[in-house]
Amino acid sequence: MTTTPTELIRNFSIIAHIDHGKSTLADRLIQATGALTAREMTEQVLDNMDIEKERGITIKAQTVRLTYPAHDGKTYILNLMDTPGHVDFAYEVSRSLAACEGSLLVVDASQGVEAQTLANVYQAIEANHEIVPVLNKIDLPAAEPERVKQQIEDVIGLNASDAVEISAKTGQNIGAVLEALVTRLPPPLGDENAPLTALLVDSWYDQYLGVIILVRVKNGRLRRGQRIRMMSTGAVHTVDQVGVFVPKLRPEADLGPGEIGYITAAIKTVADCKIGDTITDDRIPAAAALPGFKASVPVVWCGLYPVDADDFEKLRDSLGKLRLNDASFHFEPETSAALGFGFRCGFLGLLHLEIIQERLSREFDLDLIATAPSVVYRLYKTNGEAIELHNPADMPDGSAIDHIEEPWIKATIMVPDDHLGSVLALCNERRGQQVDLTYVGNRAMAVYRLPLNEVVFDFYDKLKSISRGYASFDYQMDGYVESDLVKISILVNQEPVDALAFISHRSVAEIRARTICSKLKDLIPRQLFKIAIQAAIGSRVIARETIGALSKDVTAKCYGGDVSRKRKLLEKQKEGKKRMRQFGRVEIPQTAFLAALKMDS
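With numbering that gives the first Met the number 0, the residue at position 110 of the sequence shown is 109, and numbering never jumps.
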């Protein structure tokens, strides 16, 4: 049994804003410590999903164990966790931080401190991390390391005088990062003789091994063949395999205090693996569970329906497997008159929604329709009952509602001076309330309170386009506020289409209703009768478009003769069209649904 003393272990995560070079730095550290041969190395080696490589983003936090012979003659074990940068995956970051004692804060030497840099640093400080600032991309002509060091000190309040200056792309000065890790980060604490406590950091499904669980051992030892108990569910399992990521799976005899690795225990059900749970020995259990993490709360909900109704069971299984890979994703079954059986799914944001949809179609070969994303409203009825409303179609009649509250967020936007005016105008247009506006050099930091409903559709895209890509945006939830909200129903040929119903603030209801009606006019194919597309609040129609009928020339075969013959045929056609309008069903094609749900502002 090989035991690594805890003073030779360093557990750290890499945190940064999107595109500041976290995954590239992870690649260089793996290379510098010889964890992979030159033949095995690829770009972004820890980003193992196709979507991650294509989009150049990290979605899942990944772990790797590195061995580093330091200058002091000792060989250290470094457990690296590469984390995502996007605000939607902040939950992945918080879990990784709970498993580590220190962080490398990567800041782009040309871009400087961005909104997500701040958010991630504050999370690391909350987790009591020792933080080592690293300035990346110093090989760029636009790099200004001295200015960025000053910015780190002014904005974050961290001492950046001994920040490590590197280029992760060229590998320049990577050795200094490794030395900083072993000299400046604290070793983990833990007692090998205490009862086993291990934190369940993450889990995912492997078709050969079943569920693989990522664990951080705090006290005791975790061995192969040991009977373990999950403290929150009480489930008992026998450990089949214990190992570490190098970054391939490498089985080991056991894991000791302070170590990060994986276990498999023939677990088949998702419910047995609760992220943040504590694993202990079944025979000698620990007295108390570890604090774990705050549960993630979905902020955006939308319905996912299979295009082919026979795929419903397949969709259920696929969502179950994805839920195992992604603890922040929630789903529950629902039905819709227009779309049949499906699931109401909760996400941490629109990028998260997009990624889950793409993974379902790629990994599980499913064709899906998604309804318009909506946030969770709190609805108070006149009888005193309070309900959470995930689906606009479930909103009761207006007479039964006392008031509605909508979720608000506190957004931090960092933007160069030149674009500040248009960013402030965008926030005000979205019903924002300014909280703070400060300057660091030529960059402004605006803090706004905004209704989540206004941000969820296309706020991020708009922000990027008006700031030419220079603005960065981060947010956190900031409670519920009472608001004047209405449900807008869309009727096609007098029939409500529940999948297109949405909730909006009364002040912008008419504009949004007109937009969706005019979109549907272009998307729904013409029929042999007129189709009315209407948007209504209750029984009051606020917008209407009409799709003209396809006209067939019924008098073509009628040559000459008395005009009454033609009139008789036209009257007959008119009667037929009237009857068709009464009984004719308008089939809305899938493409129309998808395009209409991509709402413009």
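Quick reminder that beta carbons are idealized off the backbone N, C-alpha and C, glycines included.
No experiment lies behind these values; they were computed from the predicted model shown.
Next on the checklist: My assumption, with CB atoms under 8 Å, is that Ala288 sits in contact with Met230. Please give the rounded CB distance.
Outcome noted: Indeed, because the Cβ distance is near 4 Å, the residues count as touching under 8 Å.
Item to check | Environment of Ser464 [buried if 16+ CB atoms lie within 10 Å] | outcome: With fewer than 16 other Cβ atoms within 10 Å, it is exposed.
Item to check | Proximity of Val92 and Leu104 at Cβ, strictly below 8 Å | outcome: Not in contact: Val92 and Leu104 (Cβ atoms no closer than 8 Å).
Checklist entry - Under a three-way DSSP split, which group does Phe614 fall into? => result Since the first and last residues shown for the chain are 0 and 600, residue 614 lies out of range.
Checklist entry - Whose CA, out of Val491, Glu494, Ala98, Asp483, lies closest to the CA of Ile502? => result Comparing Cα positions, the closest option is Asp483.
Next on the checklist: Determine whether the beta carbon atoms of Ala108 and Lys136 lie at a separation below 8 Å.
Outcome noted: The beta carbons of Ala108 and Lys136 sit closer together than 8 Å.
Checklist entry - Does Ala424 come within less than 8 Å of chain D when only Cβ atoms are used? => result Of the chains in the structure shown, none is chain D; there is only one protein chain.
Checklist entry - Does the pairing of the region 459-477 with the region 504-522 give three or more beta-carbon distances under 8 Å? => result The region 459-477 vs the region 504-522: no contact.
Item to check | With 16 other Cβ atoms within 10 Å as the buried cut-off, status of Glu251 | outcome: With 16 or more other Cβ atoms within 10 Å, it is buried.
Checklist entry - Whose CA, out of Ile278, Leu303, Val235, lies closest to the CA of Pro332? => result For Pro332, the nearest C-alpha among the options comes from Leu303.
Item to check | Supposed contact pair Val243 and Gly224 - C-beta distance, whole angstroms, cut 8 Å | outcome: With a beta-carbon spacing of about 18 Å, Gly224 and Val243 fall beyond the 8 Å limit used to define contacts.
Item to check | C-alpha distance - Ile609 paired with Leu65, whole-angstrom precision | outcome: Residue 609 is absent from the structure shown; the chain starts at 0 and stops at 600.
Checklist entry - Taking contact to mean at least 3 C-beta pairs separated by less than 8 Å, is the region 145-162 in contact with the region 447-463? => result No, they do not touch.
Checklist entry - Who pairs with Ala542 in a beta bridge, going by DSSP? => result Looking at the DSSP assignment, Ala542 forms a beta bridge with Ala534.
Item to check | Closest by C-alpha distance to Glu509, when choosing among Ala542, Leu499, Gly397 | outcome: It is Ala542.
Next on the checklist: Does Arg64 come out as helix, strand or coil in the three-state DSSP assignment?
Outcome noted: Correct three-state label for Arg64: strand.
Checklist entry - Looking at the structure shown, is Cys426 part of a helix, part of a strand, or coil, going by DSSP? => result Cys426: helix per DSSP, three-state reduction.
Item to check | DSSP three-state assignment for Met0, whether helix, strand or coil | outcome: Confidence is the limiting factor: at Met0 the pLDDT is only 42, short of 50, which leaves the residue's position unreliable, though a coordinate-based value still follows. Look at Met0 here: in three-state DSSP terms it is coil, with no helix or strand label.
Checklist entry - Going by the CB atoms, is the gap between Ala98 and Arg215 shorter than 8 Å? => result Contact: yes.
Checklist entry - Does the beta carbon of Gly468 fall short of 7 Å from some heavy atom of the ligand MN? => result By its list of ligands, the structure shown contains no ligand whatsoever, and the ligand MN lies outside what it can speak to.
Checklist entry - Should Gln493 be labelled buried (16 or more other beta-carbon atoms within 10 Å of its own) or exposed? => result By the 10 Å Cβ count, Gln493 comes out exposed.
Checklist entry - Nearest-angstrom Cα distance between Asn427 and Gln572? => result For Asn427 and Gln572, the gap between their C-alpha atoms comes out near 53 Å.
Item to check | Residue interval of the beta strand (DSSP E) (run including Asp81) | outcome: Its beta strand (DSSP E) spans residues 74-81.
Next on the checklist: Per the DSSP calculation, Ser335 is bridged to which residue(s)?
Outcome noted: Ser335 is bridged to Gly339.
Checklist entry - DSSP beta-bridge partners for Phe11? => result Beta-bridge pairing by DSSP links Phe11 to Leu79, Gly101.
Checklist entry - Is DSSP giving Asp477 helix, strand or coil here? => result DSSP places Asp477 in strand when its eight states are reduced to three.
Next on the checklist: Can you tell me which residues form a DSSP beta bridge with Gln433?
Outcome noted: By DSSP's assignment, Gln433 forms a beta bridge with Tyr447.
Item to check | Outcome for Asn10 when other beta-carbon atoms lying within 10 angstroms are tallied against a minimum of 16 | outcome: Asn10 should be labelled buried.
Item to check | Where Gln240 sits in the DSSP three-state scheme | outcome: Looking at Gln240 - three-state DSSP - the assignment turns out to be strand.
Next on the checklist: Here's the rule: buried if 16 or more other CB atoms are within 10 angstroms of the residue's CB, otherwise exposed. What is Asp599?
Outcome noted: No answer about Asp599 holds up, because its pLDDT of 46 lies below 50 and its placement is not dependable.
Next on the checklist: According to DSSP, simplified to helix, strand and coil, what is Lys409?
Outcome noted: DSSP places Lys409 in strand when its eight states are reduced to three.
Checklist entry - Going by C-alpha distance, which of Leu221, Lys486, Tyr379, Pro305 is nearest Ile536? => result Nearest option by C-alpha distance: Lys486.
Checklist entry - Does DSSP classify Arg442 as helix, strand or coil? => result The answer is strand: DSSP assigns Arg442 an E or B state.
Next on the checklist: Tell me which residue opens and which closes the alpha helix (DSSP H) that His504 is part of.
Outcome noted: Element bounds for His504: not the alpha helix (DSSP H) but the beta strand (DSSP E), 501-504.
Item to check | Where Ile13 falls, given that 16 or more other Cβ within 10 Å makes a residue buried | outcome: The C-beta of Ile13 has 16 or more other C-beta atoms within 10 Å across all chains shown, which makes the residue buried.
Checklist entry - Cα separation between Ala179 and Pro406? => result Using only the alpha carbons, I get a separation of about 42 Å.
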